[in-house]
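Okay, so here's the structure we're looking at.
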Amino acid sequence: MSGSEAADAKKLVRSASGLRMVPELPSGLEENQKSPSCPRCMQCDTKFDFITRKHHCRRCGKCFCDKCCSKKVPLPRMCFVDPVRQCAECALISQKETEFYDKQLKVLMNGASFFVTLGTSDKSELMVCRLSNNQRYLVLDGNSHYEIEIVQISTVQILTEGFTPGGNTRAIGMILQYKVPGSEELTQMKFTASEDYSSNKKLSASWLAAMHKATKLLYESRDQ
Ligand SMILES: [Zn+2]
Ligand SMILES: [Zn+2]
1 MSGSEAADAK KLVRSASGLR MVPELPSGLE ENQKSPSCPR CMQCDTKFDF
51 ITRKHHCRRC GKCFCDKCCS KKVPLPRMCF VDPVRQCAEC ALISQKETEF
101 YDKQLKVLMN GASFFVTLGT SDKSELMVCR LSNNQRYLVL DGNSHYEIEI
151 VQISTVQILT EGFTPGGNTR AIGMILQYKV PGSEELTQMK FTASEDYSSN
201 KKLSASWLAA MHKATKLLYE SRDQ
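217 is the number that the UniProt record's numbering gives to position 217 of the sequence shown; each next residue is one higher, with no gaps.
Written out as structure tokens, the structure reads:
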């Protein structure tokens, strides 16, 4: 087992809304504040009393009656381990997000091959790049071996070429900038999709697309 698979800097936190698996590192992933005073359901306008109890959506924090906030849906971006109560609108978004996220993660964990260039070197090495099982490291394997911690990556730039008949650009590479622990300077790594087989090229392109989407989600959740 490599170091990246063993390291798991997450801790289990018991919050009022359920168990959360929270990264040990500081991040912006806080639970939404409950709406303070709220006499009526924000969806159906039913007044709350002893019988009609108030519930709050774990995603948007607004308050609803039981009927309007009954769905329990996974909310991994806010680090909840078990599905949590969400309003209809949020449940739909979370469901889509989870499906989408799972799909991208699978692609990333399966890996793809790239020509990798480190820094300003003009030599490149054919390496298989994949996301580690604990989703915290990018692991590169060729003659050399690299493990880049995701939280150390500061920028991800996807390189594209031309237009496909569908009108979309195709991802052909990526430039990563990341910090090596113990050093203040950023290291740059360039990935170029390998051209040897067309199937390989396709795999690399979908890996890059997944990386692009996953980083977008990652940075969105950091900003929340
Ligand atoms: Zn909601
Ligand atoms: Zn309601």
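Glycine included, every Cβ here is placed at the ideal spot set by N, Cα and C.
- Counting C-beta pairs closer than 8 Å gives three or more between the segment 101 to 119 and the segment 199 to 217, which meets the contact rule.
- Taking 7 Å as the cut-off, one finds at least one heavy atom of ligand 1 near enough to the beta carbon of Glu89.
- Bounds of the alpha helix (DSSP H) holding Glu89 are Ala88 to Asn110.
- Rounded to the nearest whole angstrom, the C-alpha separation of Gly162 and Ile172 is 10 Å.
- Only exposed fits Phe50, as fewer than 16 other CB atoms lie within 10 angstroms of its CB.
- Scanning Asp122, Lys54, Asn143 and Val151 for the CA closest to the CA of Asn134 turns up Val151.
- Around the CB of Pro39, fewer than 16 other CB atoms lie within 10 Å, so the residue is classed as exposed.
- Across the set Cys129, Cys63 and Arg59, the C-alpha of Arg59 shows the shortest separation from the C-alpha of Val84.
- Residue state for Val156 is assigned as strand, using DSSP reduced to three classes.
- Per the DSSP secondary-structure output, Arg170 pairs in a beta bridge with Glu161.
- The C-beta distance from Gln188 to Gly119 rounds to 6 Å, short enough to meet the 8 Å contact threshold.
- Along the segment 110 to 137, the beta strand (DSSP E) occurs as fully enclosed runs of 3 or more residues at 112 to 118 and 124 to 131, listed in sequence order.
- Distance from the C-beta of Cys63 to the nearest heavy atom of ligand 2 is not below 7 Å.
- Relative to Glu185, the option among Ile153, Arg170 and Ala193 whose CA is nearest is Ile153.
- Linking Val156 to Leu208 through their CA atoms gives a straight-line distance of about 10 Å.
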